[in-house]
Amino acid sequence: MFGLQNKFPAYSYSLRNILLATGIITFILVVFSTFSLLQSRRNQHDFDYFHSPSSDSNPLLTVQGVDQLIQEHSYPRLAELADFKGLGELCKSAKSQHHVYLTCRHNVGGLMNVRNMILNCVRYAIEAGAYGLIFPQLEARDPVEIVLVKTGQYKRMEFLFDEGWFRKVLEENCPQMKLFDHIDDVPRSGYATMPDVLTIQTLMGQPLGGANGNLRNKKPHEFRSRFDAWLKTNKRRPSPSVPTIVRLDERTLFSFAPTLDPPAVMNNFGFLLDFRLDLSGLANIIVDRLREDVKKAGGSEYLALHLRREADVAVQKEKWATFDELANKSLSVAAADNINLLYVASGDIESVDELKVKAAKSGVRVVDKHDMLSEHEKEFLNTFAFDQQAIVDYLVLMHSNVFIGSGLSSFSSHLISRREYLANITLTTGDHKYPTVERDELVGPKGRLGYWDMDWP
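Letter by letter, the sequence shown follows residues 72 to 528 of the numbering used here.
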């Protein structure tokens with residue numbers, strides 16, 4: 072009996088420990104589950120709708136507020152100009168490779184580079200007759216050191232683009248090519264053959280090199296035959312039980328010339344990627360306010376400048392237009408055309424402030440996106456990353472009456488070609504929504520010019 076009495080307190084103590092430990096574990100699991108649920112909800116979007124606002128009254132930090140922004144300011148959308156009949160015919164003409172799936176994960180760089188890589192990825196998938204396309208991903212640049220673009224931080228396409236629109240266009244025009252969110256969604260993906268990451272230049276028998284010129288596919292008409300031959304070198308042929316998943320590497324930037332396709336494809340394929348609707352809405356708000364300001368001042372035009380002076384420019388100064396070159400060109404155009412409002416897009420705040428001081432001496436008012444937004448709108452904008460915010464600038468610059476850009480910049484050079492394309496469309500339709508572009512100009516070294524034919528309009 073005495074022995075039992077000695078053991079009972081120990082047993083009671085042990086039981087209390089077990090109950091206490093169980094309670095702690097349960098609490099941790101509940102907290103973790105709640106965090107995971109919130110994180111899952113956050114990951115459904117590209118910015119944090121659940122970000123704690125500085126004011127509880129900011130509707131743009133709620134799902135309902137963003138939906139209202141989109142409904143009121145994001146339509147009509149630019150991509151509605153496109154006619155995808157040519158894309159449909161292209162997809163029908165491609166001989167399907169059953170149980171061959173293609174994906175491109177390493178889409179990296181600035182906004183326009185990522186855009187061109189993803190479009191080339193889709194174009195190669197069509198050319199290869201892929202049975203399915205796994206949604207391309209992009210590699211997000213470092214949020215602090217923006218020069219660092221290879222971070223290993225991968226995002227869904229919706230980080231920059233309207234994924235729903237992308238899916239809709241492909242499902243309607245290329246139904247034979249199935250779409251999958253993830254590799255794991257491919258039927259029997261656990262048994263799939265995954266060859267080494269495929270480099271277009273290696274497939275085409277070209278040197279890799281470091282220069283962008285070496286990225287060109289110099290034998291584009293041989294791609295399909297070479298791709299088919301490459302597939303046959305793999306040990307297992309694609310089959311329902313053992314599919315093949317092909318992964319393209321990042322060397323797709325300038326690897327497919329749009330001019331190889333008929334005009335019906337070339338002129339519309341780029342609209343497959345339309346920008347996020349929420350950021351498009353913010354851009355339209357700014358454009359409307361710029362036009363109102365111009366009208367109130369008795370003018371009719373605003374000038375736009377891409378002031379490319381971010382940190383990476385300092386590393387290779389000789390390759391980029393200088394601040395003075397960009398500023399002087401913009402102010403000379405403003406003086407010649409009697410324009411008193413200059414919208415500037417730049418990630419370098421100091422350069423923007425310097426331009427404001429310089430322009431004021433000439434009677435020109437300089438504004439950027441932050442100057443044209445309300446406090447609530449700026450708070451919403453600040454929830455987005457650097458390249459996401461660039462979408463707003465891109466669209467505002469696109470609608471300007473005159474555009475001045477930096478010659479080496481993919482952002483600037485693509486804007487020049489997109490503005491020319493849109494101006495030509497509106498001229499032929501009689502709808503003068505987009506201005507003529509005779510006064511547009513790139514300043515400084517024109518490094519990107521050699522690859523314009525490799526950019527999708």
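Just so you know, even glycine gets a beta-carbon here, dropped at the ideal spot from N, CA and C.
A quick note: this is a predicted structure, and the numbers were derived from the prediction, not measured.
Considering Cα atoms alone, identify which of the options is closest to residue i.
i: A153; options: V336, R490, L353 and L444; result: V336
i: S401; options: I141, L219, V179 and L413; result: L413
i: N305; options: T315, H177 and T323; result: T315
i: L348; options: L486, F237 and E216; result: F237
i: S164; options: E198, V313, I410 and F340; result: E198
i: M248; options: Y195, S477 and L149; result: Y195
i: P147; options: Y373, S351 and L426; result: S351
i: R510; options: G200, E216 and S471; result: S471
i: M443; options: S481, V365, S484 and F327; result: V365
i: V65; options: V435, A382, S445 and K388; result: This structure leaves residue 65 out entirely; the chain is present only between 72 and 528.
i: R380; options: V473, T133, V171 and G418; result: G418
i: S319; options: F457, S477, S445 and A201; result: The sequence shown places Leu at residue 319, rather than the Ser named in the question. The residue with the shortest Cα to Cα distance from L319 is A201.
i: E425; options: D395, E446, S445 and M469; result: D395
i: L374; options: H170, F455, I475 and M228; result: I475
i: L468; options: L376, W523 and E243; result: L376
i: Q277; options: S326, Q139, N184 and E143; result: S326
In whole angstroms, what separates the C-alpha of residue i from that of residue j?
i: K517; j: L286; result: 18 angstroms
i: L513; j: E234; result: 32 angstroms
i: Q459; j: S145; result: 16 angstroms
i: N355; j: F294; result: 41 angstroms
i: L331; j: T323; result: 16 angstroms
i: P258; j: A416; result: 45 angstroms
i: V437; j: H177; result: 37 angstroms
i: N495; j: R308; result: 47 angstroms
i: K432; j: M275; result: 56 angstroms
i: S488; j: A407; result: 24 angstroms
i: V508; j: W301; result: 45 angstroms
i: K156; j: S422; result: 45 angstroms
i: P207; j: C192; result: 8 angstroms
i: P130; j: K429; result: 37 angstroms
i: V137; j: V215; result: 26 angstroms
i: P528; j: L493; result: 9 angstroms
i: H485; j: F232; result: 17 angstroms
i: L279; j: V386; result: 24 angstroms
i: I63; j: V404; result: One cannot answer for residue 63 here, as it falls past the ends of the chain, which runs 72 to 528.
i: L343; j: M188; result: 13 angstroms
i: H253; j: I205; result: 6 angstroms
i: L452; j: V463; result: 9 angstroms
i: L250; j: S128; result: 40 angstroms
i: W391; j: V384; result: 7 angstroms
i: V473; j: E491; result: 11 angstroms
Specify, as a first and last residue, the run of the beta strand (DSSP E) that residue i falls within.
i: T315; result: T315 to L319
i: C175; result: Q168 to C175
i: V358; result: That residue, V358, is in no beta strand (DSSP E); its alpha helix (DSSP H) goes L348 to K367.
i: E512; result: E512 to V514
i: L580; result: Residue 580 falls outside the range modelled here, since the chain spans only 72 to 528, and no answer is possible.
i: L374; result: L374 to H377
i: Y522; result: Looking at the DSSP string, Y522 is not in any beta strand (DSSP E), and its letter there is neither H nor E.
i: R148; result: Careful: R148 lies outside any beta strand (DSSP E) and carries neither H nor E.
i: K226; result: Y225 to R227
Quick one: give me the first and last residue of the alpha helix (DSSP H) that residue i is part of.
i: K400; result: F394 to A407
i: A385; result: A382 to V386
i: K239; result: E234 to N244
i: L412; result: It is not in any alpha helix (DSSP H) - L412 instead sits in the beta strand (DSSP E) that spans L412 to A416.
i: L140; result: V134 to H144
i: A335; result: P334 to M337
i: Q272; result: I271 to L274
Is it right to say residue i is buried, meaning 16 or more other beta carbons lie within 10 angstroms of its own, or is it exposed?
i: G261; result: exposed
i: Q168; result: buried
i: T174; result: buried
i: E448; result: buried
i: A368; result: exposed
i: Q272; result: buried
i: R112; result: A caution first: R112 carries a pLDDT of 33, below 50, which makes its placement in the model unreliable, though a value can still be read off. The residue is exposed, with fewer than 16 neighbouring Cβ atoms inside 10 Å.
i: H292; result: exposed
i: N409; result: exposed
i: K289; result: exposed
i: I420; result: exposed
i: Y172; result: buried
i: N399; result: exposed
i: G553; result: The chain is shown from 72 up to 528; residue 553 falls before or after that span and cannot be answered.
i: N114; result: Because the pLDDT at N114 is just 40, under 50, the model does not fix this residue reliably, and the value given afterwards should be weighed accordingly. Exposed, since its Cβ has fewer than 16 Cβ neighbours within 10 Å.
i: K440; result: buried
Could one say the Cβ of residue i lies closer than 8 angstroms to chain C's Cβ atoms, at least one of them?
i: E446; result: Protein chains in the displayed structure number just one, and chain C is not present.
**Request:** Could I get the ranges of all uninterrupted alpha helix (DSSP H) runs contained in the stretch 427 to 497, with 4 residues as the minimum, in chain order?
**Result:** List check, alpha helix (DSSP H) in window: 446 to 452 and 457 to 469.
**Whole beta strand (DSSP E) elements within the stretch 276 to 312, 3-residue minimum** = With a minimum length of 3 residues, no continuous beta strand (DSSP E) run stays inside the stretch 276 to 312.
**Request:** Any chance you could list the alpha helix (DSSP H) runs of at least 4 consecutive residues sitting entirely within the stretch 151 to 212, in chain order?
**Result:** Within the stretch 151 to 212, the runs of alpha helix (DSSP H) at least 4 residues long that lie entirely inside it are, in chain order, 156 to 164 and 182 to 198.
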